[in-house]
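Structure first, commentary second.
Protein chains in written order, with the working numbering: chain P, 26 to 545; chain F, 21 to 676.
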């Protein structure tokens, strides 16, 4: 029990499942009221967030080993274990998940009209699957969680979505499941390769890092397995041109679905790059780097251009995600510390800003039942508080300094500049394009006269909605003004990855040693 | 102390924003509007007063130090740290930032006070002060930040404040668009700035001012760095300056920015924010001094901008637009000086310009206020009788900007023209002289058409004309005094000698330790002495004045008949339509961009998503096809089996 206060990954991973059970019990006890189960789910997710905080406070930045590790035998004959652990890459993704989910539940308070119990249960199952994806260090365990994410998300879009929800849900499911099918084959290939090379069966991710996969060009063993993983993750990110499932899924999903999708699900793809692709396939990564970087840059510019052309506010935000994730990926592909750390940071920032954007769009949608930009205008006058939050979020999204978005963008572009200045120049156009489409959207929705009679009677956000947006707003400012607690925890892991796999810079232990010498 | 000086306006903004503009005060405490407004004004102006006083204290502390040691640092915490890149929140108070901070805080204070009167009827009074305060906060970060990224924070931050304040009356679509235009155009400049920062880090391994400038002024380091790199750094930073300080071709946002309330135009779009580019170049003097190419680019763009804007200002009828183009033109002067390495002269003009341009803008505000919102000078005239104080102070501002001897603008302009000539930029000097003449022409025109002659104000409005309240006229008087006497801190040495003061240019002596100049000044043979250059610029100013008086006061009929001459009518419409620059931008950039975006949207839907759906259709079709094979006919299955066996046999035979 005491270990909870020190950070227990098993508890953190599976607590939401217990929460799902609690919700079901509450719904049976209070048959005629939804409130108890909503409050129950909210409390469960808040507790979940609280018990994940020790991961942050007790995180040791002087090591690059996996922390809070748990390892038990599961299927010993096949080398499959129950193995959890986190490092600087997964830490903030776990925290982002546990931070976003309670906000999502609070935001869905009145938006879910039917089947509240099922909705809550699915969200809680989803949380377990997401946390599990980020914490598991066994390939099979990871794959189970990775796939398990799809199912609740599929139902959330398919049941509580808007008109074309079935199409969007199936598209989402098939597209991403297709990616993971190839990945599974690649996992088995690596598994047998490991047996060949080391004589033992192991599905341990860290063992996979040690496998020597012969690299003979892109159609060789390493090339092909790399592509199999690449497809799975690139679809999830999503990278251009594999992104078209995203706008559909976003537009049709209920607000809560969009928020989880944008804030957390997309990060599974980026996480995959950092956890599997880069460390397991360094040669293939290096070989394909120019190609991948250019694809990422196309994503930045193309996503922004298409976002500018959208008439549906939610679609606009969806395409802005394509653009921002392009920048994240660029940061990862430049393979230096600023790029990778910036990419990681931008990914977390994007979760917060874009999550907030979807929540805001949802708040407007609940009132007006439309997401078409031309249906709005002048909302600042009738909803001044929402206008303030929306402005802050917009600024965070376009990377205004002292807000979260800037730190990541700055570091990514700085890293890109050191790698190849042309990448940086092209990537930095995203700063201009972002301002163009976001401010234009903001203006059309919030500024101008209130010329539609339906808009005149809109009511400003209430206390609950303020409580939904406030934590996000605080994080935007905090992460923009004082990024050090985040960056310092990401740095050792990122640095170690670069040094051990790409011979880049000095190892963390050397750095610490030098620092200590300097202090002495 | 340095930190508090920066933070005070932020605190004011947070109080006014979170407590009052959000409506929480009303919900929690209630009370009437008047007390609420009083608290808002008190907080809004009070925090600026605190900053101004702290700046002054620091100024005296700095002044008491030995000139080469005039630097005060204050470090707060490490902001971003990633690998070998690290940037601190650290402030630097040296003579350069001191001058800027003094101008910014005190002018801000005057304009905050003016705003109390000017904005008193506005519904969003507290929001206005929250924005104005946050502007001062970011401006101070820009000035005092001790590294490029921190300067960039202020740089983008003032852009945000500018955006919010231009679009302050957001219910008007045009005003909202003007704000957005300002932000986006500035972002284009910031694009250059941020790449400049990256390159600086790439070359110097740091972004901290001391480390970068230390290495950049170290000959042994600079021998290794190719000269072209320094030029590129200087030019990238200059792109940022061009955006922020409204130089050609990125000046297009500034005239539109006049959509904001007048005090905002005075503070942000005339006196302080738009001079940030000039400050940046003075700060980075080490790059410009060492790159002749960059200098030529800066001077040329500046000279062209100064002339272009002046020619446009002559024919505009909106009082604020005239002043806006005048600002662009005057910023051109500053950049000309900076471009030839006369950093003190450029900074000096920045200071005097802040005085008289703030005065002119607030004066025009007083006019507009008196006329109930009228901005078209064709509907003014003869206002001197109705609002004498405004009219008098406006005249002082006009004379100061014109360069009439012994007012502030005279000294600073003279320095700039002198330095242009002395550095050998003769063509640029001639352009500057022409601009002096044009400046006199459009400013005197503006004054005459607005305040002199017979009034063209409708009777309806005339009965309401009133001189502005004290909160507005006192700022005008203070600025008028500064516009007259402000120049005496920087009287050129050769003028000082006449009255027996060897070092009369106190300002220059104060600034010089903060900037980097070449030790060996290539002196161009003097065709004329200093005085003759001064006399020439006075003459060209007077020519402008006389033309304006002749055409607008003495013989307006001649002007009207002259305009009918084809060549003049062409020139007139060319100037009146602002050289068609906005239209050109629209055709070259805006429309193609929009079209491209729309095409991309279609492409995404039809081609990329179309391909995805196409694949899924192929799968479905293939499945349908396969299904037809499962007919249930045993004979068919047997036939397939036989064919299969045959194929395998053939394969084995031929491969063996």
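Where is the CB? At the ideal position from N, CA and C, for every residue including glycine. Keep in mind the model is a prediction, meaning the values are calculated, not measured.
Going by DSSP, what residue range makes up the beta strand (DSSP E) through residue 94 of chain P?
Start and end: 92-100.
In angstroms with no decimal places, state the Cα-to-Cα distance between residue 540 of chain F and residue 312 of chain F.
Per-residue confidence for residue 540 of chain F stands at a pLDDT of 49, beneath the threshold of 50, marking its modelled position as unreliable; the derived number appears in the next sentence. Roughly 14 Å separates the two Cα atoms.
Output needed in chain order: residues of the region 436-451 of chain P with a Cβ under 8 Å from some Cβ in chain F.
Listed in sequence order: 436, 438, 439, 442, 443, 446, 449, 450.
Hey, quick one: how far does the beta strand (DSSP E) through residue 374 of chain P stretch, first residue to last?
Here residue 374 of chain P belongs to no beta strand (DSSP E); instead the alpha helix (DSSP H) covers 362-393.
Note down, in chain order, every chain P residue with its Cβ under 7 Å from the Cβ of residue 207 of chain F.
Here the neighbours are 456, 457, 460.
Could you tell me the alpha carbon to alpha carbon distance between residue 375 of chain F and residue 500 of chain F, rounded to whole angstroms?
C-alpha separation (whole angstroms): 8 Å.
From residue 525 of chain P to residue 287 of chain F, what does the alpha carbon distance come to, in whole angstroms?
Cα-Cα distance, rounded: 54 Å.
Examine chain P for any beta-carbon lying closer than 8 Å to the beta-carbon of residue 58 of chain F, and answer yes or no.
With 8 Å as the cut-off, residue 58 of chain F does not count as an interface residue toward chain P.
Going by DSSP in three states, residue 133 of chain F sits in which element: helix, strand or coil?
Helix, per DSSP.
Opposite residue 397 of chain P in the DSSP bridges: which residues?
Partner(s): P:337.
Does the region 433-452 of chain P come into contact with the region 314-325 of chain P, if we say contact requires no fewer than three beta-carbon pairs (one atom in each stretch) closer than 8 Å?
Yes, since at least three Cβ pairs between the region 433-452 of chain P and the region 314-325 of chain P fall closer than 8 Å, the two stretches touch.
Between residue 372 of chain P and chain F, is there a C-beta pair that is closer than 8 Å?
Cβ-Cβ to chain F under 8 Å: no for residue 372 of chain P.
Based on DSSP bridge pairs, tell me the residues matched to residue 110 of chain F.
F:95.
Taking 7 Å as the cut-off, is the C-beta of residue 474 of chain F nearer than that to any heavy atom in the ligand MN?
This structure simply doesn't include the ligand MN, nor any ligand for that matter.
Answer with yes or no whether the minimum CB distance from residue 419 of chain P to chain F is below 8 Å.
Answer no: the Cβ-Cβ gap between residue 419 of chain P and chain F never drops below 8 Å.
Tell me which same chain residues have a C-beta within less than 6 Å of the C-beta of residue 406 of chain F, skipping the five on either side of it?
485, listed in sequence order.
What are the start and end residues of the alpha helix (DSSP H) that includes residue 556 of chain F?
Residue 556 of chain F -> alpha helix (DSSP H) spans 550-569.
Below 8 Å on the Cβ atoms is my contact criterion, and I expect residue 413 of chain F with residue 463 of chain F to pass it. Report the Cβ-Cβ distance as a whole number of Å.
Rounded, the Cβ-Cβ distance is 14 Å, inconsistent with contact.
Between residue 545 of chain F and residue 139 of chain F, what straight-line distance do the alpha-carbon atoms span, to the nearest angstrom?
Because the pLDDT of residue 545 of chain F is 49, which lies under 50, any placement of that residue in the model is unreliable, and the number read from its coordinates should be weighed accordingly. Taking the straight line from one Cα to the other gives about 55 Å.
What residues of chain F sit near residue 405 of chain P, judged by a beta carbon separation below 7 Å?
Those are 190, listed as they occur along chain F.
Please check if any C-beta of chain F sits within less than 8 Å of the C-beta of residue 73 of chain P.
No, because no Cβ of chain F sits closer than 8 Å to the Cβ of residue 73 of chain P.
Taking a cut of 7 Å between CB atoms, which residues from the region 466-479 of chain P lie near chain F?
So the list reads 468, 472, 473, 474, given in the order they occur along the chain.
Using a beta-carbon distance cut-off of less than 9 Å, what residues from the region 458-484 of chain F approach chain P?
Of all residues in the region 458-484 of chain F, none has a Cβ within less than 9 Å of some Cβ in chain P.
Taking three-plus beta-carbon pairs below 8 Å as touching, is the region 90-100 of chain F in contact with the region 241-257 of chain F?
No contact exists between the region 90-100 of chain F and the region 241-257 of chain F.
Compare the C-beta of residue 496 of chain F with all C-beta atoms of chain P and state if any pair is closer than 8 Å.
It does not; no Cβ of chain P falls within 8 Å.
According to a CB-to-CB cut-off of less than 7 Å, which residues of the region 315-346 of chain P neighbour chain F?
Taking 7 Å as the Cβ-Cβ cut-off against chain F, the residues of the region 315-346 of chain P that qualify are 327, 330, 331, 333, 334, 335.
Looking at the secondary structure, which residues open and close the alpha helix (DSSP H) in which residue 219 of chain P lies?
Run containing residue 219 of chain P: 190-223, per the alpha helix (DSSP H) assignment.
Who does residue 105 of chain P pair with in a DSSP beta bridge?
BP columns for residue 105 of chain P point to P:100.
Select from P:129, P:111, P:86 the residue whose C-alpha is nearest the C-alpha of residue 68 of chain P.
With distances taken between Cα atoms, residue 68 of chain P lies closest to P:129.
Taking CB distances under 8 Å as the criterion, tell me whether residue 78 of chain P reaches chain F.
With 8 Å as the cut-off, residue 78 of chain P does not count as an interface residue toward chain F.
Is the CB-CB distance between residue 136 of chain F and residue 498 of chain F below 8 Å?
Result no, Cβ atoms of residue 136 of chain F and residue 498 of chain F do not sit closer than 8 Å.
Beta-carbon of residue 155 of chain F versus every beta-carbon of chain P: anything under 8 Å?
No, its Cβ sits nowhere closer than 8 Å to a Cβ of chain P.
Among F:316, F:336, F:345, which residue has its Cα nearest to the Cα of residue 328 of chain F?
Out of F:316, F:336, F:345, F:345 has the C-alpha closest to the C-alpha of residue 328 of chain F.
Let me check understanding here. Comparing Cα to Cα, which of F:481, F:125, F:489 lies closest to residue 386 of chain F?
The candidate whose alpha carbon is nearest that of residue 386 of chain F is F:489.
Output the distance between the C-alpha atoms of residue 526 of chain F and residue 516 of chain F, rounded to the nearest integer angstrom.
Between residue 526 of chain F and residue 516 of chain F, the C-alpha separation is close to 11 Å.
8 Å is my cut-off, CB to CB: does residue 33 of chain F come that close to chain P?
It does not; no Cβ of chain P falls within 8 Å.
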